[in-house]
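Q: Add 1050 to a position in the sequence shown, counting from 1, and you land on the number used in my numbering.
Where a beta carbon is used, it is the ideal one built from N, C-alpha and C, also for glycine.
The structure that follows is given in the form of structure tokens.
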Amino acid sequence: HGRVRVHFTPAARDIRVPPGVTVFDAASWNGIAIDSTCGGHGTCRKCLVRVDDGTIPVSTLDVRAFGADQLREGWRLACRAHVTENLRVEVPPLVTRPKAATVGVGRQVILRPAIQKRYLELTEPTLADQTPDLQRVLGAIDDLEPRADLAVLRGLGATLRSSDYKVTAVIVDEVLVAVEAGDTTSRCFGIAYDLGTTTVVANLLDVSTGTPVAVRSALNAQQPFGGDVITRISATMLDPAALDRLRALAHETLDELTREVCADAGVEPHEIYEVALAGNATMVHIALGIDPEPLGVAPFVMSTRAFPEIMATDLGVRVHPRARAVVFPSLGAYVGGDIVAGLLASGMDRDRRMRLFIDIGTNCEIVLGDADRLVATAAPAGPAFEGASIRCGMRAADGAIEVVRIRDGALELGVIGDAEPAGLCGSGLVDAVAALVDAGLIDPSGRFVSPDEAARVAPALASRFATWDGERVFALHEDVVLSQRDVRALQFAKAAIATGWQLLLAELGVERGDIQQVLLAGSFGSYLSPASAIRIGLVPKLPVLRVVSAGNVAGEGAKMALLSLRERAGAATLLEEVEYVELSDRADFNDRFVDLLAFP
Ligand code: FES
């Protein structure tokens, strides 16, 4: 279950995905547009790609879609092409100007962006026609009735007169935000931000076609204040100046990414008329300069669920000066706007299947249900997955061991960037523990077995056990070990998560086997090996194919908000639909938690 690499041309992007993911999903999660009108369901036969290095087996649909020559040349339907080895894939240019875009977990979004442009050829004023400038513009827009603000009026006269009264009106959600000289209707952009505690992602979109044109990510510059939301909140409680500092750092990160995606795509910042942002409640509060302290202490209260009108400048990003910002509302202090966006992107409230959504991180959000009813909770998983508190823990960066398996009694490692191993990231930790449990080197209670037992069950690996500073460790590599305490930390994390989904199952009165799909979300969850997650009991014991990585769904939800007013409204509906279950005051939490510490 190592990661495989897909190189997309002509985008020249290298993407690492868990095997089994389709080329279509791998592309769409990473902002590479593939033609489609069915959203990856195998019915439109538009998602043509050519595999020019590596192989993908021919699917039954491929046989109907292509001739023998084309199949031999490597043509495949991307949504039916499962990646199992390293590949190079050529994506042909989009043929049709799409009416819909594929976003999120195979969601097909009909394009109805808030940003609209209208090219107008106006008649020049005369002594007989002294219609004021603004009325002249507004009167020529026949399908919308925008209102205008003062800022537009300031430059209006000059623009009209210098452009021979040939202008483009830019309307965002019923507000005339700009009047531009000439025909600029082909330039309509927005940016979707995913403001994570650790990582921040910016997706630049052409909102008139739904096409992602550039994507960049960076570490949140707030990192030095601590790895999780609690340390950031504490910082603001200890030092009154910290909130301003943290806000400035969030703004810097967002603005830096903005400049990068614009440069990548050759887009001028002023051509971005709207942005959308998904983030957890703490990140959003801080970015907007709202004191996050009440989020960090019982009874965990937010300033608001949905925010009043926000401008892009309130987020510190330099785009069009009158660009608006759509900020995802939060369900609760610990089920934030990132989760609302993720639920939107995965269509949790529309799917008839019983599905379990788990966003894994220091704070783990869990949602269970179907179109009839959704329940959500948050489980404190601790920092194990982020690498903090893990003896040789590190973030998922070059040098991190991300895959560990034992085959024919021998240890195999997968290292990010094919570098010399420097540490263990979250997915490597889960893999390592799953592999050692499976090999009988960790007993069900989580203890490393005795040297004698190790020599008996895995003779080739027994010598990897050692003692470091009085603690037993298992050497994965010369300087990278898994310690007994690391195993404990992971046990606590997985028990907290499993307690969460068990209580939600009880809440809905459904059985584990009723779950049709488990979506592993978030920057960490998406890289987790489903088999290992099942092995250690982090997710319910189900056939491995029912457990899928969902990619960066928060960012996808933010894209959807830019592309469709209807989906944007859907995010607000989700707030009403999802019932929040508080775990911390449940009498049965501790009993279950203790039971779930063991490995199944
Ligand atoms: Fe429609 Fe593949 S996306 S057939």
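1) Verify the contact flag: residue 1592, CB atom, against every heavy atom of ligand 1, threshold strictly below 6 angstroms.
2) With H, G and I counted as helix, E and B as strand and the rest as coil, what does DSSP make of residue 1357?
3) So is the beta-carbon of residue 1095 under 6 angstroms away from any non-hydrogen atom of ligand 1?
4) Assess contact between the stretch 1154 to 1162 and the stretch 1609 to 1616, defined as three or more Cβ pairs (one per stretch) separated by less than 8 angstroms. Is contact present?
5) If you compare alpha carbons, which of 1224, 1399, 1438 and 1359 is closest to residue 1475?
6) On the criterion of 16 or more Cβ atoms from any shown chain inside 10 Å, does residue 1640 qualify as buried, or is it exposed?
7) Identify the residues that DSSP records as bridge partners of residue 1074: which are they?
8) Name the residue from 1459, 1235 and 1441 whose alpha carbon lies nearest to the alpha carbon of residue 1518.
9) In three-state DSSP terms, what is residue 1633?
10) At a cut of 8 angstroms, does the stretch 1244 to 1255 reach the stretch 1263 to 1273 through at least three beta carbon pairs?
11) Are residue 1608 and residue 1242 touching if we call contact CB-CB under 7 angstroms?
12) Does ligand 1 have even one heavy atom less than 6 angstroms from the beta-carbon of residue 1078?
13) In the DSSP assignment, find the unbroken alpha helix (DSSP H) run with residue 1544 in it and report its ends.
14) Give me the residue from 1262, 1449, 1588 and 1512 with the minimum Cα distance to residue 1082.
15) What does the Cβ neighbour count give for residue 1199, buried or exposed, with the cut at 16 atoms within 10 Å?
16) In angstroms with no decimal places, state the Cα-to-Cα distance between residue 1051 and residue 1579.
17) Once you ignore the five residues that flank residue 1462 on each side, which residues in its own chain have a CB closer than 7 angstroms to its CB?
18) Of all the options 1070, 1063 and 1313, which has the alpha carbon lying nearest to the alpha carbon of residue 1053?
19) Following the continuous beta strand (DSSP E) through residue 1643, name the residue where it begins and the one where it ends.
20) Hey, residue 1090 and residue 1154: beta-carbon distance below 7 angstroms or not?
21) Return the bridge partner residues of residue 1057 from the DSSP annotation.
22) Quick check on residue 1239: does DSSP put it in helix, strand or coil?
23) Using the beta-carbon count (16 or more within 10 Å), is residue 1633 buried or exposed?
24) Would the beta-carbon of residue 1098 be found less than 6 angstroms away from any heavy atom of ligand 1?
25) Can you tell me whether residue 1123 is buried or exposed? The criterion is at least 16 other CB atoms within 10 Å of its CB, across all chains shown.
26) Which value, in whole angstroms, describes the spacing of the CA atoms of residue 1478 and residue 1260?
27) Report yes or no: do three or more beta-carbon pairs, one from the stretch 1220 to 1238 and one from the stretch 1166 to 1183, lie closer than 8 angstroms?
28) Do you know offhand how far residue 1504's Cα is from residue 1339's?
29) Pick helix, strand or coil for residue 1091, following the three-state DSSP scheme.
A: Working from what's here:
1) Stepping through the sequence shown from its first residue, residue 1592 is reached at position 542. In this structure, residue 1592 has its CB at a distance of at least 6 angstroms from all heavy atoms of ligand 1.
2) Numbered from its first residue, the sequence shown carries residue 1357 at position 307. The answer is coil: DSSP assigns residue 1357 none of H, G, I, E or B.
3) Residue 1095 sits at position 45 when you count from the first residue of the sequence shown. Because some heavy atom of ligand 1 lies under 6 angstroms away, the Cβ of residue 1095 counts as near it: yes.
4) By the Cβ criterion, the stretch 1154 to 1162 is in contact with the stretch 1609 to 1616, since at least three pairs of Cβ atoms, one from each stretch, lie closer than 8 angstroms.
5) The residue labelled residue 1475 in the question sits at position 425 within the sequence shown. The residue among 1224, 1399, 1438 and 1359 with its C-alpha nearest the C-alpha of residue 1475 is 1438.
6) Taking the first residue of the sequence shown as 1, we reach residue 1640 at position 590. With a 10 Å radius around the Cβ and a threshold of 16 neighbouring Cβ atoms, residue 1640 comes out exposed.
7) The count along the sequence shown starts at 1 and reaches residue 1074 at position 24. In the DSSP assignment, residue 1074 forms no beta bridge with any residue.
8) Along the sequence shown, one-based indexing puts residue 1518 at 468. Out of 1459, 1235 and 1441, 1441 has the C-alpha closest to the C-alpha of residue 1518.
9) Locating residue 1633 in the sequence shown gives position 583, where the first residue counts as 1. Coil at residue 1633, not helix or strand.
10) Three or more Cβ pairs drawn from the stretch 1244 to 1255 and the stretch 1263 to 1273 lie within less than 8 angstroms of each other, which places the two stretches in contact.
11) Looking up residue 1608 in the sequence shown gives position 558. Looking up residue 1242 in the sequence shown gives position 192. Cβ distance < 7 angstroms, so residue 1608 and residue 1242 count as in contact.
12) As a first step, residue 1078 must be located in the sequence shown, where it is residue number 28. Set against 6 angstroms, the gap from the CB of residue 1078 to the closest heavy atom of ligand 1 is not smaller.
13) Position 494 of the sequence shown, counted from the start, is the residue given in the question as residue 1544. DSSP places residue 1544 inside the alpha helix (DSSP H), whose first and last residues are 1534 to 1558.
14) As a position in the sequence shown, residue 1082 is number 32, starting the count at 1. Checking every option, the nearest Cα to that of residue 1082 belongs to 1262.
15) Locating residue 1199 in the sequence shown gives position 149, where the first residue counts as 1. Within a 10 Å sphere around the beta-carbon of residue 1199 sit fewer than 16 other beta-carbons, which makes this residue exposed.
16) Looking up residue 1051 in the sequence shown gives position 1. Looking up residue 1579 in the sequence shown gives position 529. Residue placement at residue 1051 is flagged as unreliable, the pLDDT there being 48, under the threshold of 50; the coordinate-derived value follows with that caveat. Near 7 angstroms, if we compare the C-alpha coordinates of residue 1579 and residue 1051.
17) Counting from 1 along the sequence shown, the entry for residue 1462 is found at position 412. Same-chain partners within the cutoff: 1455.
18) Here residue 1053 corresponds to residue number 3 of the sequence shown, with the count starting at 1. Ranking the options by Cα distance to residue 1053, first place goes to 1070.
19) Residue 1643 sits at position 593 when you count from the first residue of the sequence shown. Run containing residue 1643: none in the beta strand (DSSP E); it sits in the alpha helix (DSSP H), 1639 to 1645.
20) Mapped onto the sequence shown, residue 1090 falls at position 40. Mapped onto the sequence shown, residue 1154 falls at position 104. Contact flag unset, no.
21) Translated into the one-based positions of the sequence shown, residue 1057 becomes position 7. According to DSSP, which records beta bridges pairwise, residue 1057 is partnered with 1064 and 1138.
22) By 1-based counting over the sequence shown, the position of residue 1239 is 189. The answer is strand: DSSP assigns residue 1239 an E or B state.
23) Numbered from 1 along the sequence shown, position 583 holds the residue referred to as residue 1633. Classification of residue 1633: buried, given that the 10 Å Cβ count is 16 or more.
24) The residue you call residue 1098 lines up with position 48 of the sequence shown. No; taking the cut-off as 6 angstroms, the Cβ of residue 1098 has no heavy atom of ligand 1 nearer than that.
25) The residue you call residue 1123 lines up with position 73 of the sequence shown. That one is exposed.
26) Residue numbering aside, residue 1478 sits at position 428 when the sequence shown is read from its first letter. Residue numbering aside, residue 1260 sits at position 210 when the sequence shown is read from its first letter. Our two residues, residue 1478 and residue 1260, have alpha carbons roughly 35 angstroms apart in a direct line.
27) Because the criterion of three Cβ pairs below 8 angstroms is met, the stretch 1220 to 1238 and the stretch 1166 to 1183 touch.
28) Counted from its first residue, the sequence shown places residue 1504 at position 454. Counted from its first residue, the sequence shown places residue 1339 at position 289. C-alpha separation (whole angstroms): 55 angstroms.
29) The count along the sequence shown starts at 1 and reaches residue 1091 at position 41. If DSSP states are grouped into helix, strand and coil, residue 1091 belongs with coil.
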